[in-house]
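Colleague:
There are 2 protein chains.
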Amino acid sequence: MGIAIPGFPASAIITEVGPRDGLQSEAEFVPTARKIELIQSLLDAGLRRFEITSFVSPRAVPQMRDAAEVMAAFRDRDDAHLTALVPNARGAEAAIEAGVDAMVLFASASESHNLKNVNRSREASFEGFAGIARLAEGTGVALQGAIATAFGCPFEGEVAVEAVTDQARRYRDLGMRHITLGDTTGMATPALVIQRVEALAQAVPDADIALHFHNTRGVGLVCAYAGLSMGIRHFEASIGGLGGCPFVPRATGNVSTEDMVYLFHESGVETGVDLDRLTGSARLAEEIIGRELPGQVMKAGPRLQTASTDSVRTAHG
Amino acid sequence: MGIAIPGFPASAIITEVGPRDGLQSEAEFVPTARKIELIQSLLDAGLRRFEITSFVSPRAVPQMRDAAEVMAAFRDRDDAHLTALVPNARGAEAAIEAGVDAMVLFASASESHNLKNVNRSREASFEGFAGIARLAEGTGVALQGAIATAFGCPFEGEVAVEAVTDQARRYRDLGMRHITLGDTTGMATPALVIQRVEALAQAVPDADIALHFHNTRGVGLVCAYAGLSMGIRHFEASIGGLGGCPFVPRATGNVSTEDMVYLFHESGVETGVDLDRLTGSARLAEEIIGRELPGQVMKAGPRLQTASTDSVRTAHG
Chain A
2 MGIAIPGFPA
12 SAIITEVGPR
22 DGLQSEAEFV
32 PTARKIELIQ
42 SLLDAGLRRF
52 EITSFVSPRA
62 VPQMRDAAEV
72 MAAFRDRDDA
82 HLTALVPNAR
92 GAEAAIEAGV
102 DAMVLFASAS
112 ESHNLKNVNR
122 SREASFEGFA
132 GIARLAEGTG
142 VALQGAIATA
152 FGCPFEGEVA
162 VEAVTDQARR
172 YRDLGMRHIT
182 LGDTTGMATP
192 ALVIQRVEAL
202 AQAVPDADIA
212 LHFHNTRGVG
222 LVCAYAGLSM
232 GIRHFEASIG
242 GLGGCPFVPR
252 ATGNVSTEDM
262 VYLFHESGVE
272 TGVDLDRLTG
282 SARLAEEIIG
292 RELPGQVMKA
302 GPRLQTASTD
312 SVRTAHG
Chain B
2 MGIAIPGFPA
12 SAIITEVGPR
22 DGLQSEAEFV
32 PTARKIELIQ
42 SLLDAGLRRF
52 EITSFVSPRA
62 VPQMRDAAEV
72 MAAFRDRDDA
82 HLTALVPNAR
92 GAEAAIEAGV
102 DAMVLFASAS
112 ESHNLKNVNR
122 SREASFEGFA
132 GIARLAEGTG
142 VALQGAIATA
152 FGCPFEGEVA
162 VEAVTDQARR
172 YRDLGMRHIT
182 LGDTTGMATP
192 ALVIQRVEAL
202 AQAVPDADIA
212 LHFHNTRGVG
222 LVCAYAGLSM
232 GIRHFEASIG
242 GLGGCPFVPR
252 ATGNVSTEDM
262 VYLFHESGVE
272 TGVDLDRLTG
282 SARLAEEIIG
292 RELPGQVMKA
302 GPRLQTASTD
312 SVRTAHG
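Which chain is which? The protein sequence lines are A and B, in order.
Basically my numbering = 1-based index in the first sequence + 1.
Basically my numbering = 1-based index in the second sequence + 1.
(1) Using beta carbons (cut-off 8 Å, strictly below), is Ser268 (chain A) in contact with chain B?
(2) Specify, as a first and last residue, the run of the beta strand (DSSP E) that His82 (chain A) falls within.
(3) Is it right to say Ser122 (chain B) is buried, meaning 16 or more other beta carbons lie within 10 angstroms of its own, or is it exposed?
(4) Quick one, are the C-beta atoms of Arg35 (chain B) and Ile289 (chain B) less than 8 Å apart?
(5) Ends of the beta strand (DSSP E) at Met104 (chain B)?
(6) Determine the closest residue to Asp174 (chain A) out of A:Phe130, A:Ala95, A:Asp184, with distance taken between C-alpha atoms.
(7) Using a C-beta to C-beta distance shorter than 7 Å, which residues of chain B count as neighbours of Gly291 (chain A)?
(8) Where do the ends of the alpha helix (DSSP H) carrying Ile195 (chain A) lie?
(9) Could you give the residue range of the beta strand (DSSP E) that holds Ile53 (chain B)?
(10) For Pro191 (chain A), would you say it is in contact with chain B, using Cβ-to-Cβ distances shorter than 8 Å as the test?
(11) Which residue from A:Ala99, A:Arg278, A:Met177 puts its Cα closest to that of Gly146 (chain A)?
(12) When the Cα of Asp209 (chain B) is compared with those of B:His266, B:His235, B:Ile40, which residue comes out closest?
(13) I want to see whether chain B comes within less than 8 Å of Phe51 (chain A), judged by CB atoms only; does it?
(14) So, using beta-carbon positions, are Gly152 (chain B) and Ala189 (chain B) closer together than 8 Å?
(15) Assign Gly141 (chain A) to one of two classes, buried (16 or more other C-beta atoms within 10 Å of its C-beta) or exposed (fewer than that).
(16) In whole angstroms, give me the CA-to-CA distance for Ala74 (chain A) and Ile37 (chain A).
(17) Quick one: what does DSSP say Glu29 (chain B) is sitting in, helix, strand or coil?
(18) In or out: Glu157 (chain A) buried (at least 16 other Cβ within 10 Å) or exposed?
(19) What does DSSP give as the partner residues of Cys154 (chain B) in its beta bridges?
(20) Which value, in whole angstroms, describes the spacing of the CA atoms of Tyr226 (chain A) and Phe127 (chain A)?
(21) Identify whether Ala164 (chain B) lies in helix, strand or coil by the three-state DSSP scheme.
(22) Compare the C-alpha of Thr33 (chain B) against each of B:Glu70, B:Met261, B:Pro59, B:Leu86 and name the closest.
(23) I'd like to know whether the C-beta of Lys36 (chain B) is nearer than 8 Å to at least one C-beta of chain A.
(24) With a floor of 4 residues, list each alpha helix (DSSP H) that falls wholly inside the stretch 211 to 262 of chain A, ordered by position along the chain.
(25) Quick check on the burial criterion: 16 or more other C-beta atoms within 10 angstroms. Buried or exposed for Pro59 (chain A)?
(26) Between Ala85 (chain A) and Val101 (chain A), how many whole angstroms is the CB-CB distance? I'm expecting something under 8 Å.
(27) Determine the direct distance from the alpha carbon of Gly228 (chain B) to that of Thr54 (chain B), and round the result to whole angstroms.
(28) If I'm right that Ala286 (chain A) touches Leu243 (chain A) with Cβ under 8 Å, what's the distance once you round it to whole angstroms?
(29) In chain A, which residues lie with their C-beta within 7 Å of the C-beta of Gly158 (chain B)?
(30) Identify the continuous beta strand (DSSP E) that holds Glu17 (chain A) and give its terminal residues.
(31) Where does the unbroken alpha helix (DSSP H) through Gly132 (chain B) begin, and where does it stop?
(32) How long is the line joining the alpha carbons of Ile195 (chain B) and His82 (chain B), rounded to whole angstroms?
(33) Specify, as a first and last residue, the run of the beta strand (DSSP E) that Gly146 (chain B) falls within.
(34) For Gly92 (chain A), report the span of its beta strand (DSSP E) as first-last.
(35) Measure from the alpha carbon of Val87 (chain A) to the alpha carbon of each residue in A:Ser309, A:Ile133, A:Pro7, then state which is nearest.
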């Protein structure tokens, strides 16, 4: 563990979203057994919260067609908290049946992104959420709310902070305590993180706010650091940085889990994760999808892994 | 410009090190005309401080054999501050002759890295610096001091903060005001930045401290952000992220200038640089060396570049 930074929390919780958000954008189907192998490896590294799959139409997202099978492999792990993305009542029924701990409902803070993403207005999305909330009643399955385009919209540009706080209030009104701000297209900046976290502390003081960043413009971890500096304790990340940017083919997507764990530990913030094992999971993710992923720590190795003076060429300055 | 962050400086100065630190590790010689084209492009983007070349033995570093020619192309630019890395008296004579504004002297904070890098003890390095200081007297050429392995050593592991403050004091004793901490192998963390900047404010209160980070473990910009939070106003970066890691082939090296400018502007810190032009320079750097560079903003484009809703595939969450 590194030196503690004044004002930072002593520990943080990382939800691994690679199995859902990361794999979802892979064109080629990843065999169910390999998904299970990757999740098992992440559990072995010490991660305990997962966005594990998505109960969507197999026609719309063929990669997630094995949602129930993936859940079945882990639903008896009482030490793991498993959530699934759920777009509608049909998905909610399947998710409840599959034994998820919580369903993640999502809408965008900007109307045009919501229309593009789920083909309905934000108002219609919230009508659907009310129906899902009724389905969930008495099942013991919790609801979580995700706010997409919380730091900017690829179609509309800036997103007003009020659009985010209003949506958070609506989630709270539906009984959701856990609310995630999603940096859908890498538009978050540390200044916007500070501004939005401050506004949410006023608007929904009893909510548990989680932050999800993309590294599209290289500042994903800076945004997480800004979140820590504001006392945020819950973050989402994707092993190896799995999951590209849907808008720019050459750009990076999700912040990688192992780089986040490295930064947190070096900032005195405990995560409960074994970084060495986690970089092994990142390399497994690379092997499974068959190409290089953007995570850095798995390539560079541990910070204090010393080299032999014979083994390197000189840098000269 | 983004929202200002409390405690951050209103402006910062970025020294571009791509032409020296970035290109130096390129095995294939980059034609002098292309180096000049790249530097001109960076000047056109608004950068005004350059580590432009290195006056080293052409046998040791063939890439820098055109140091005098590169300098000759820009020495009359009175609005640009041009420095060169100088390893010994012979290099210093050539640098003074070539008309540099300042010579950068360098030694490592750890003995084994100094031995490996320049094949002499730190004590011997400082004896050499005293000789260079005498050469520089009366020429109008300033001296700057760089501290390599300031955040950790690939051979020795952790580097004591006292090793850094002691070296900074020795540079001050030789009359150097501008002192750079170099994160030679990507071992800097924000906590170490805070610790070292605090210690230097005590040890050399009148020095102008600059920070140079590598993105080897993904946290280069987080370290720069931590530097800003401590009031540091001077940073070094390399266009496109030119310059790999000499220790790990797959790992990233220098923080990219355009990503740093993006972060600074979005944090309310002015740099005087036109980011659009600068991403053009980054693409030029990619073209010149013929491969993809790690810079992110040049791939993702401006933050507020809005897409058409017809142009993208959906992200679904």
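Positions of the beta carbon are idealized from the N, C-alpha and C atoms, including for glycine.
These numbers were taken from a predicted model, which means no experiment stands behind them.
Modeller: In terms of the structure at hand:
(1) yes
(2) 82 to 86
(3) exposed
(4) yes
(5) 103 to 109
(6) A:Phe130
(7) In chain order: nothing, as chain B lies at least about 16 Å away.
(8) 191 to 204
(9) 50 to 55
(10) yes
(11) A:Met177
(12) B:His235
(13) no
(14) The sequence shown places Phe at residue 152 (chain B), rather than the Gly named in the question. Yes.
(15) exposed
(16) 7 Å
(17) coil
(18) buried
(19) B:Gly158
(20) 32 Å
(21) helix
(22) B:Glu70
(23) no
(24) 221 to 230
(25) exposed
(26) 5 Å
(27) 26 Å
(28) 6 Å
(29) Leu305, Thr307
(30) 14 to 17
(31) 123 to 137
(32) 28 Å
(33) 143 to 149
(34) Looking at the DSSP string, Gly92 (chain A) is not in any beta strand (DSSP E); the run it does join, the alpha helix (DSSP H), is 90 to 99.
(35) A:Ile133
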